[in-house]
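Going left to right, the sequence shown walks through residues 1 to 479 as the numbering used here numbers them.
The structure under discussion appears below in the form of structure tokens.
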Amino acid sequence: MISFSVLISLSVAFIDQVKVKRHLIEEHNIKLQLVEDTILNSLHTIDKAYNMFDKETTEKMRQYSEALLSLYKTNSNFDMWDFDALKEKFGMDVFIINKENIITHSSLKEDINLDFKSCCDSFSKLLDMRRNGETFVYDGMDLHQKSGEFKKYSYMPTPDHKYIIELGVSLSNKEILNEFNFTDVIDSLEKQYTSVDEIHVYVPDGFILGEKIKNGEIVKLSKQKEKVFRNVVKSGKEEEFTGILNGKETNFRYIPYEYYTDNGSMTHRIVEIAYNKGELNSVLNDYRKDFLIHLFIILTAAIILSFIIARIVARPMYLAFHDSLTGLKNRAAFEQTLKGLLRRRESNVALMMVDLDNFKLVNDKLGHGKGDVLLTVTAKVIQACAGKQNLAARLGGDEFAIIFSNTNMEEIISISNKLIAEMNKLLLPECDLRKVDVTVSIGIAFANDDDNMQMLYEKADTVLYESKRKGKNQYQIYA
């Protein structure tokens, strides 16, 4: 009962532990999903805002691009252009990109000789498409390579398809950026969730959107992240890997993001969420400690309760299969055991019936108290002679039996002689019992293949009474 109670308690406790662990992991994943949805919604909101409310800037860029295109038609020698004056006139930076996708001239001197083929392969291919096109194209929010500043760019191919005239206008001070600045959202998420280490938004060429320059160069992807990042850019599917950040194991999740402007151009970015499982592991460890404490309490309570119940129930259960006076198995246990052995037929089965001679005279002349004492000591002798491997039982009154599950003739005869001798030796000092000549008679029967319990019992009982008829204090074997 105690084992069963402990098993049930352990099962319930472990099932509960698994459920709580699953719940904590799901809660952790929900937080990450919330972070992911928040940053994607923020990007979508600012892109949509620019697309809807920044049409005036776009129209100006178109007009200025056409004006520059007219200037190119009259003077295609960019060395003769005054780019500082053009910036002053239009209020925008002007860039000239050649067929090699290198900025040859610009109002931003620091950008001259910037090679897009070297730094930005996918953007370089896009520039080739735009150079070979015929129309004015603009993008939404983009990144200035050198400064990491948010800018809006437009592109107009020259009629001879040799150059692209690019205009750039800063968005840093625009009301839209200030109102829907996703970098503020990122900072807020990093502070709110301890499991989030870093959040970055990348352009397809691997530059971090809005990242300030470090050591004169814009921050770009590390080699460790490069492979996974490129897979996400190519497949458009979310991927994740485990790496090291600040000396700690960190999970890096990459989520693709796309937004289409009114002119059909697409803004493509990759969101990187670097998160750790420190908070989750800490909660799991705390719960594991609590679980072990609770488990100890549950097991202790279960064992104590089971022990109390066992003490209450044990006696009735014991009496169901034992004789209350002698402690031997009773008739119910005897019949159950014998039926089982005869059904299996795994070995030689024998039944020994033992009966006290003149027991009625003991009760009549010496009293039932003396009779109970005689039955008790007889049971001890029978049990000792039968051995632990065989079953000794009191069938009722002064009738006893021993079931042998695997025996032979030699063993049976030896035990019978020993039993008779031990009983005579035991009863010899008892003067009162000698007056009524108390002895034991024994009947033995070996089971045949077709014997059932009743048939074997009748055989043993037959030779038992033959022992009594022949003078008692002896054994007979059924032939």
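Glycine included, C-beta positions come from ideal geometry on N, C-alpha and C.
None of the values given here were measured: they were computed from a predicted structure.
query                                                                                                                            : result
Beta-carbon proximity of M92 to G168, cut-off 8 angstroms                                                                        : yes
Short Cβ contact (8 angstroms threshold) for S195 with H28                                                                       : yes
Euclidean distance between Cα positions of S3 and R343                                                                           : 30 angstroms
Own chain residues within Cβ distance below 7 angstroms of L361, not counting five before or after                               : V436
Between the CA atoms of A302 and V440 - distance to the nearest angstrom                                                         : 49 angstroms
Cβ-based burial, L127 [other Cβ within 10 Å; buried from 16]                                                                     : buried
Three-state secondary structure assigned by DSSP to H200                                                                         : strand
C-beta atoms of F241 and V233 nearer than 8 angstroms                                                                            : no
Buried or exposed (CB count within 10 angstroms, at least 16 for buried), S161                                                   : Checking the sequence, you will find His at residue 161 rather than Ser. Result: exposed.
Whole-angstrom C-beta distance between A393 and K329, which should lie under 8 angstroms                                         : 4 angstroms
Contacting residues, own chain, Cβ-Cβ under 7 angstroms from K365 (five flanking each side not counted)                          : V436
Entirely enclosed beta strand (DSSP E) segments - the stretch 12-96, minimum 3 residues                                          : none
Cut-off 6 angstroms between Cβ atoms - residues of its own chain near N215, not counting five sequence neighbours on either side : Because the pLDDT of N215 is 45, which lies under 50, any placement of that residue in the model is unreliable, and the number read from its coordinates should be weighed accordingly. Result list for N215: empty, nothing under 6 angstroms.
G471 in three-state terms, based on DSSP                                                                                         : coil
Extent of the continuous beta strand (DSSP E) run through T250                                                                   : K248 to Y260
Limits of the beta strand (DSSP E) - the one that R394 falls within                                                              : L391 to G396
Sequence-distant residues of its chain with Cβ nearer than 6 angstroms to Q474 (five each side left out)                         : S467
Test item: CB-CB of I477 and L419 under 8 angstroms                                                                              : no
Per DSSP, the bridge partner or partners of P491                                                                                 : For the chain, the structure presents residues 1 to 479; residue 491 sits outside this window and is missing.
Reduced DSSP category for V6 - H, G, I as helix; E, B as strand; rest coil                                                       : helix
Chain D contact for I15 (CB, 8 angstroms cutoff)                                                                                 : Structure shown: chain D not included; a single protein chain is present.
Separation of K125 from K117, as counted between CA atoms                                                                        : 8 angstroms
T326 in three-state terms, based on DSSP                                                                                         : coil
Other residues of its chain near I102: CB distance less than 6 angstroms, five sequence neighbours each side excluded            : D115
Nearest to F83 (by Cα), restricted to the options I96, T74 and Y155                                                              : I96
Presumed contact (8 angstroms Cβ cut-off) between I273 and V35, rounded CB distance                                              : 6 angstroms
Straight-line gap, R331 to L299 (C-alpha atoms, nearest Å)                                                                       : 38 angstroms
Buried or exposed by the 16-neighbour rule on C-beta atoms within 10 Å, applied to F296                                          : exposed
Length of the line joining the Cα atoms of I402 and K370                                                                         : 24 angstroms
Euclidean distance between Cα positions of K109 and V94                                                                          : 10 angstroms
Which of helix, strand or coil DSSP assigns to K234                                                                              : helix
DSSP state of K152 mapped onto helix, strand, coil                                                                               : strand
Span of the alpha helix (DSSP H), counted from its first residue to its last, around T194                                        : Per DSSP, T194 belongs to no alpha helix (DSSP H) and is neither H nor E.
Backbone secondary structure at G243 - three-state DSSP                                                                          : strand
Local Cβ density within 10 Å of Y260, reported as buried at 16 or more and exposed below that                                    : exposed
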